[in-house]
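Protein chains in written order, with the numbering used here: chain A, 488 to 739; chain B, 488 to 739; chain C, 120 to 422; chain D, 120 to 422.
Working notes for the structure below.
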Amino acid sequence: MIKKEAMKIISSKQIATDTVEMVLENEYISNHATPGQFLHIAITGHTLRRPLSIAAVDSKARTVTILFKIIGSGTETLATYQVGETIDVLGPNGNGFPVQTGQKPATVLLIGGGIGVPPIYFLGTQLKKFGIQVQSIIGFQSRDYVFYENEFQALGETFVVTNDGSYGYKGFVTDVLDKTSRFDRYYSCGPLPMLRAVSDNLRGNEGYLSFEERMGCGVGACYACVIPTEDEAGYKKICQDGPVFRANEVIL
Amino acid sequence: MIKKEAMKIISSKQIATDTVEMVLENEYISNHATPGQFLHIAITGHTLRRPLSIAAVDSKARTVTILFKIIGSGTETLATYQVGETIDVLGPNGNGFPVQTGQKPATVLLIGGGIGVPPIYFLGTQLKKFGIQVQSIIGFQSRDYVFYENEFQALGETFVVTNDGSYGYKGFVTDVLDKTSRFDRYYSCGPLPMLRAVSDNLRGNEGYLSFEERMGCGVGACYACVIPTEDEAGYKKICQDGPVFRANEVIL
Amino acid sequence: MIDLSVTLPGLNLQNPIMPASGCFGFGREYSQFYDLGKLGAVIMKAATGEARLGNKTPRVAETASGMLNAIGLQNPGVEKIVETEIPFLSQFHIPIIANVAGSTIEEYEKVVTVLNESTDLAAIELNISCPNVKEGGIQFGIDPEMAATVTEKVKKRTRVPVYVKLSPNVTNIVDMAKAIEAAGADGLSMINTLTGMQIHLPSKAPLIANKTGGLSGPAIKPIAIRMIYEVKQHVTIPIIGMGGIETAEDVLEFLLAGADAVAIGTANFLNPFVCPDIIEQLPAVLKKYGFTSVKEATGGAHQ
Amino acid sequence: MIDLSVTLPGLNLQNPIMPASGCFGFGREYSQFYDLGKLGAVIMKAATGEARLGNKTPRVAETASGMLNAIGLQNPGVEKIVETEIPFLSQFHIPIIANVAGSTIEEYEKVVTVLNESTDLAAIELNISCPNVKEGGIQFGIDPEMAATVTEKVKKRTRVPVYVKLSPNVTNIVDMAKAIEAAGADGLSMINTLTGMQIHLPSKAPLIANKTGGLSGPAIKPIAIRMIYEVKQHVTIPIIGMGGIETAEDVLEFLLAGADAVAIGTANFLNPFVCPDIIEQLPAVLKKYGFTSVKEATGGAHQ
Ligand SMILES: Cc1cc2nc3c(=O)[nH]c(=O)nc-3n(C[C@H](O)[C@H](O)[C@H](O)COP(=O)(O)OP(=O)(O)OC[C@H]3O[C@@H](n4cnc5c(N)ncnc54)[C@H](O)[C@@H]3O)c2cc1C
Ligand SMILES: Cc1cc2nc3c(=O)[nH]c(=O)nc-3n(C[C@H](O)[C@H](O)[C@H](O)COP(=O)(O)OP(=O)(O)OC[C@H]3O[C@@H](n4cnc5c(N)ncnc54)[C@H](O)[C@@H]3O)c2cc1C
Ligand SMILES: Cc1cc2nc3c(=O)[nH]c(=O)nc-3n(C[C@H](O)[C@H](O)[C@H](O)COP(=O)(O)O)c2cc1C
Ligand SMILES: Cc1cc2nc3c(=O)[nH]c(=O)nc-3n(C[C@H](O)[C@H](O)[C@H](O)COP(=O)(O)O)c2cc1C
Ligand code: FES
Ligand code: FES
């Protein structure tokens with residue numbers, strides 16, 4: 488259930504160019520969040536909240552980690568918040584990546600692009616706990632934007648890709664798909680063009696994609712964040728029905 | 488000359504109910520401010536600056552003191568600013584109380600009401616330096632709002648008045664006029680009804696009044712803050728021509 | 120004791136606070152946060168004759184103290200609303216108001232006819248800001264004659280009182296209000312959103328897929344207050360006021376301008392508890408400014 | 120090198136940035152802060168036939184991301200402006216634009232006739248948002264025919280190009296723009312303020328002495344952008360855009376929507392250096408989004 492909670496900032500640090508990792512303390516959310524869910528964060532001076540994925544939880548320390556890229560005025564302001572301040576958050580929102588759905592996979596492929604990397608990291612840590620074998624592809628603009636490489640290596644084999652080749656493999660995440668070993672299922676999060684390319688390339692595989700869309704309410708009431716679906720319902724809401732959908736459920 | 492300056496908050500403390508005293512560091516303004524002038528202060532989240540009088544300067548320490556009452560969202564936010572932060576200020580604005588104009592007075596009466604007290608305190612300290620004898624009437628709503636009593640006592644005889652009689656004399660500042668000794672000139676700042684009563688009661692005396700009006704630019708460009716005058720010009724601008732006017736120059 | 124109750128045609132309100140149409144869906148999502156039984160009433164998302172998919176995304180953009188939206192009337196259609204949404208809301212025992220939209224007069228008539236099947240509906244809010252497809256896309260809401268016609272036709276078909284929701288995108292809001300009052304409306308609801316646009320710099324194109332969107336939120340409050348103040352001087356039917364309300368002080372400002380009750384839209388997105396929070400704070404605010412009831416405050420700025 | 124220059128009828132602008140009428144007086148105050156010679160041009164405070172005292176105070180109020188003003192055209196009268204203000208401004212060698220207001224067509228004619236005496240005037244901005252006293256207070260700016268008439272009459276009397284300033288308080292801004300273009304205007308200036316109101320809770324009355332005031336500032340930017348975008352599709356004369364500009368990014372947004380140059384009003388109050396600051400930042404912003412000149416960006420959102 489989504490609650491409106493105050494989360495205390497435990498740490499906030501820049502971990503790559505324009506990329507901030509923030510650890511937030513809150514018992515309820517750290518106990519209830521699952522991978523792929525997001526927080527809907529109020530930011531001073533802004534009419535709308537900002538959706539940010541949950542990148543990790545530590546239920547013992549009762550903390551939740553978020554990772555965000557500074558791309559506009561909201562994330563810019565959020566980056567100025569100091570340790571000790573509290574932020575007003577709705578969460579956990581949405582439906583995350585299904586892990587127990589259907590036949591439990593033995594091996595999975597994680598594919599994250601840019602700021603789509605955080606939620607699949609959280610997912611990877613969960614999968615590993617369930618004894619599922621994980622391999623990952625993470626893509627970034629360039630060397631200065633790379634983060635969490637070691638964290639992913641700790642989960643399993645990891646391919647780092649940069650668009651300009653300044654670090655790891657050069658190109659797009661789809662360019663290294665042929666380097667991966669067989670997998671039962673894939674999970675992906677990143678910009679829409681990347682998700683399109685991934686689902687095209689991996690057609691026929693069972694896959695789950697996490698989408699982004701501009702949101703109003705973030706809880707399913709305003710119909711701002713819809714995505715066309717294959718069934719007769721026509722549209723699903725990313726904030727409530729998603730942000731994760733089966734690769735063949737929605738129209739890309 | 489008005490400049491746009493960054494002022495660093497050196498201290499900020501509540502000195503009476505809803506009343507905050509803030510000491511700000513800035514060399515230019517501490518060197519140029521005269522009593523009756525004001526700062527035009529930018530406050531996060533607000534389209535318009537807030538005019539606040541200068542209550543004291545210490546040109547050695549390069550500090551300027553302001554005193555404000557929390558009455559709305561701007562002053563509320565200003566009160567939350569922390570020591571060490573800087574605020575964006577235009578100043579010093581306006582024309583202050585004339586001290587050297589005409590024949591130098593031997594004795595003056597200062598009359599301040601509520602949040603009109605700060606500028607006449609600054610004036611009092613200046614007058615004292617010039618060897619002018621000062622007596623003061625300062626009025627407040629009630630006991631909890633009284634501030635700077637000792638500071639005024641240090642300048643000369645002081646009458647404290649509260650509207651409800653919870654401290655000092657009961658009533659309005661005009662109710663204790665008969666207790667004052669003879670004076671050559673008076674200076675007053677406070678709410679408009681008080682200024683009206685003061686100038687009515689002291690008709691025939693040389694007096695200077697400091698006015699408040701809602702401001703746009705605060706520098707004389709927008710014509711928001713006018714006050715009707717006795718001469719053919721019709722209107723004067725409080726922010727530029729004032730805030731101080733001769734008692735018989737403007738129409739109350 | 121401060122009396123928050125307000126009685127309007129068809130609406131016995133325990134307090135003057137209701138969520139605005141389109142910002143609260145059909146109440147399901149916000150019912151997770153609090154008991155909707157606390158509300159004065161609830162205004163549902165627009166209902167049209169058939170299910171509509173609405174516009175392409177992006178459908179919303181943030182602006183200074185406001186937002187743009189172009190949802191495009193996505194809704195499951197009036198029949199589904201009568202079948203599943205009104206029954207859901209009726210459990211809260213507060214007046215339910217249906218927001219009715221359409222592209223032709225016939226569609227408006229159809230929607231209200233289907234709504235007659237529900238015994239749990241308290242009133243209709245007639246959304247005349249939709250483009251009229253027959254008249255080449257001109258909105259019913261910007262022409263006094265067209266607005267009067269649709270009001271009359273709808274009044275003839277419905278059992279419940281009709282509050283016509285005014286568009287602020289007009290030269291003369293008073294003419295609109297007078298024409299609608301003369302056409303038999305039981306009340307007015309004002310204001311709907313102002314048409315706006317944001318250009319997305321990286322793509323050098325309007326950000327909202329529909330190009331234009333409706334501006335709402337605190338940015339438009341001064342316009343809402345002005346229009347309500349003006350209209351109040353020329354009509355006698357009650358006004359449900361809205362546009363940028365975020366606090367109990369804002370509610371009082373609307374009441375003083377002439378609103379009998381208010382609706383809260385955009386502010387729900389930032390604070391899902393905004394309606395119950397305001398209901399809780401309103402008595403203290405009324406008291407602070409010397410009022411003992413909501414009724415007493417209505418129109419208080421017209422002396 | 121990014122080319123900031125823009126050439127419009129009567130205006131050879133070194134950059135597209137000018138302070139908006141009424142927010143910059145006659146430049147004297149802001150000339151303390153910086154060299155006005157940096158500006159693209161300057162638009163003076165409204166000039167009327169005789170000196171005017173304007174409205175009672177309070178004349179301004181703050182709103183969410185905006186402000187209301189009802190100054191009421193206080194100005195020393197056109198003769199004094201020609202005698203003392205234009206000569207003061209001419210020392211900065213930038214185009215000077217006079218904002219012309221009036222309550223009757225005759226007054227407009229008088230003002231522009233007197234302005235002809237000045238050889239230092241580059242253009243006129245015709246402020247048609249003033250109430251027309253002869254027509255019972257209806258504004259010239261809300262009726263296409265009246266707007267066209269005043270435009271024609273003024274065009275006949277003046278030597279310099281005329282930019283007509285549109286009021287946004289209309290149902291159909293395109294009709295206004297087309298009528299004014301047809302009447303011979305050399306350009307448009309848009310938008311003026313939206314009519315709004317704020318109720319002062321302690322006094323239970325409108326805060327602004329004039330009751331209503333004009334809403335300006337970032338709050339109205341989405342409305343300005345929408346109107347410019349719409350008008351740009353229907354006229355060929357140039358547009359000076361304004362309404363809520365605070366940053367160089369905002370300027371680019373106006374250019375993309377269809378403005379050829381821009382004016383900055385309310386933002387001067389918060390930051391007296393806003394115009395030179397934006398002039399300095401504009402090249403980098405244009406470059407960031409792939410433009411090499413201002414001209415190239417104009418209308419860029421219309422593909
Ligand atoms: C479910 C979900 C999860 C997300 N998780 C992350 C994350 O973990 N880390 C991260 O850095 N970013 C994430 N994003 C994107 C993030 O929400 C935007 O980058 C952020 O809202 C931008 O805000 P801004 O004020 O800085 O930018 P601005 O461009 O100034 O924002 C203006 C408006 O557009 C919205 N907006 C802009 N870009 C996006 C976008 N890509 N998606 C949705 N709304 C957008 C903003 O929320 C705001 O309402 C996520 C988005 C969604 C929908
Ligand atoms: C020359 C001058 C000197 C002043 N000196 C002091 C001082 O030393 N200490 C002090 O506490 N107050 C002083 N004031 C009053 C002070 O400016 C207001 O109390 C303050 O602006 C209120 O801001 P707010 O956001 O809290 O209130 P709000 O009511 O939320 O403000 C809304 C708007 O109204 C304006 N406003 C509200 N009240 C006043 C007022 N009385 N005068 C002018 N503008 C107002 C605000 O500036 C703002 O633009 C002075 C005013 C002037 C004109
Ligand atoms: C996302 C969104 C959707 C809306 N949908 C509708 C609608 O379906 N019908 C309607 O009459 N008004 C609709 N509105 C307008 C609101 O009901 C309200 O009139 C307007 O937003 C002003 O109020 P606010 O500033 O409190 O949001 C919508 C507004 C928003 C923000
Ligand atoms: C205090 C003030 C005074 C104004 N006076 C005039 C005026 O005399 N003539 C005019 O055409 N517009 C006047 N305007 C409107 C501005 O020129 C401008 O069109 C409007 O404020 C929108 O721009 P902004 O949001 O940048 O302020 C005035 C605006 C303000 C805020
Ligand atoms: S953001 Fe409101 S429905 Fe998803
Ligand atoms: S506030 Fe602008 S002239 Fe005084």
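Glycine included, every Cβ here is placed at the ideal spot set by N, Cα and C.
Interface with chain A (7 angstroms Cβ-Cβ cutoff): C/V233 is excluded. Uninterrupted alpha helix (DSSP H) stretches at least 4 residues long and entirely within the stretch 235 to 293 of chain D occur at 263 to 276, given in chain order. The beta carbon of C/I292 sits no closer than 6 angstroms to any heavy atom of ligand 3.
Contact between B/G643 and B/Q613 is absent: CB atoms are separated by about 13 angstroms, not below the 8 angstroms threshold. Contact residues of the stretch 533 to 564 of chain A toward chain C are H533, T534, L535, R536 (C-beta to C-beta distance below 7 angstroms). The beta carbon of C/R171 does not come within 7 angstroms of any beta carbon belonging to chain A, so the residue lies off that interface. Across the stretch 684 to 712 of chain B, CB contacts with chain D closer than 9 angstroms involve E700, R701, M702, G703, C704, G705, V706, G707, A708, C709, Y710, A711, C712, in sequence order along the chain.
In chain order, L320 make up the part of chain C whose C-beta sits under 9 angstroms from the C-beta of D/E368.
C/Y153 has its CB no nearer than 6 angstroms to any heavy atom of ligand 6. Beta-bridge partners of A/I602 (DSSP): none assigned. By DSSP's assignment, A/Y673 forms a beta bridge with A/L596, A/G694. In this structure, the beta-carbon distance from C/K284 to C/N246 falls below 7 angstroms.
Under the 7 angstroms criterion on CB atoms, C/E148 is classed as interfacial with respect to chain A. A/G729 and A/V544 have their C-alpha atoms some 20 angstroms from each other.
DSSP, reduced to helix, strand and coil, places D/L172 outside both helices and strands of the structure shown, so it counts as coil. A residue is called buried once 16 or more other Cβ atoms fall within 10 Å of its Cβ, and A/Q587, having fewer, is exposed. Proximity to C/P337 across A/I625, A/H533, A/Q569, A/Q524 peaks at A/H533, based on C-alpha coordinates.
Here D/M346 carries a helix assignment [DSSP, helix/strand/coil]. In this structure, the straight-line span from the alpha carbon of C/T314 to that of C/G332 is close to 6 angstroms. Annotation for C/G196: A166, T167, G168, E169, A170, R171 place their beta carbon closer than 8 angstroms to its own, counting only its chain and skipping 5 residues before and after.
Residue range 490 to 503 is occupied by the beta strand (DSSP E) that includes A/K491. Take C/A420, set aside five residues on each side of it, and the residues of its chain with a beta-carbon closer than 6 angstroms to its own are L375, A376, in chain order. Here B/R683 is exposed, its C-beta having fewer than 16 other C-beta atoms within 10 Å. At a beta-carbon threshold of 8 angstroms, the residues of chain A lying near C/A180 are R701, ordered along the chain. Residues N513, Y515, I516, V576, G578 of the same chain have their beta carbon placed closer than 7 angstroms to that of A/E492, with the five preceding and five following residues left out of the count. Annotation for C/N329 indicates a beta carbon at 6 angstroms or more from all heavy atoms of ligand 3. Taking A/E563 as reference, the option from A/V604, A/S499, A/V551, A/Y608 with the minimal CA-CA separation is A/S499. Those residues that bring their Cβ nearer than 7 angstroms to a heavy atom of ligand 5 are A/M702, A/G703, A/C704, A/G705, A/V706, A/G707, A/A708, A/C709, A/Y710, A/A711, A/C712, A/K724, A/I725, A/C726, A/Q727. Nearest to D/E368 by alpha-carbon distance, out of D/S335, D/L405, D/A378, is D/L405.
Proximity of D/Q317 to chain C, defined by a Cβ-Cβ separation below 7 angstroms, is satisfied. By the beta-carbon neighbour count (other beta carbons within 10 angstroms, threshold 16), D/Q317 is buried. With fewer than 16 other Cβ atoms from the protein chains shown falling within 10 Å of its own Cβ, D/E399 counts as exposed. Taking C/I190 as the centre and dropping the five residues before and after it, the same chain places the C-beta of G173, R178 closer than 6 angstroms to its C-beta, in chain order. The straight-line gap separating the alpha-carbon atoms of D/L208 and D/G159 is approximately 13 angstroms.
For the stretch 130 to 141 of chain C, the beta-carbon criterion of a distance under 9 angstroms to any beta-carbon of chain D is satisfied by none of its residues. DSSP places D/V197 in the helix class (H, G or I) of the three-state scheme.
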